[in-house]
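Engineer: Numbering (the working numbering), first residue to last: 29 to 122. Here a beta-carbon is modelled for each residue, glycine too, at the ideal position from N, C-alpha and C. Got a structure for you, questions after.
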Amino acid sequence: MAEEKTLGDILAKIKSEHGETVWNEPPELWNPNIAALLSYPLTPLFGAYFHRRNWLALGEPVRARRSGIFFFISLVVLAVGGIASMAEDDGVYF
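This is the structure in structure tokens:
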């Protein structure tokens, strides 16, 4: 009779053979399409933040870092735009 194996045993064997990240339970993720669509009314900061969280949950630190960089750049652009919009119009434009 064949030896019964649990899902955990099979996943552990795959991980040891291939060195890949394997989950016993799937990670909680945001739907990337929804995050991208909500970026339109809620600024790109929203989408970049949740894409970064997804990459971290999937064990992809390089892609998470890229999303983090995009988040930071978007934050800087939004802050500069906000500050520039509050400045008085004194004929100086940047």
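What does the alpha-carbon distance come out to for the pair ILE97 and GLU53?
Structural biologist: When rounded, the distance between both Cα atoms is 29 angstroms.
Engineer: How close, in whole Å, do the beta carbons of LEU95 and ARG80 come, if the pair is a contact with beta carbons under 8 angstroms?
Structural biologist: A small correction: the amino acid at residue 95 is Ser; Leu does not occupy that position in the sequence shown. So it is a contact: roughly 4 angstroms between Cβ atoms.
Engineer: Please look up how many angstroms separate the CB atoms of PHE78 and ALA92, rounded, as I've assumed it's under 8 angstroms.
Structural biologist: That belief does not hold up - the Cβ atoms of PHE78 and ALA92 are roughly 11 angstroms apart, past 8 angstroms.
Engineer: Let me check understanding here. Comparing Cα to Cα, which of ALA85, ASN59, PHE99 and PRO89 lies closest to ALA76?
Structural biologist: The residue with the shortest Cα to Cα distance from ALA76 is PHE99.
Engineer: Does DSSP classify PRO54 as helix, strand or coil?
Structural biologist: Here PRO54 sits in coil by DSSP.
Engineer: With GLY75 as the anchor, note down where its alpha helix (DSSP H) starts and where it stops.
Structural biologist: From DSSP, the alpha helix (DSSP H) with GLY75 extends over 72 to 85.
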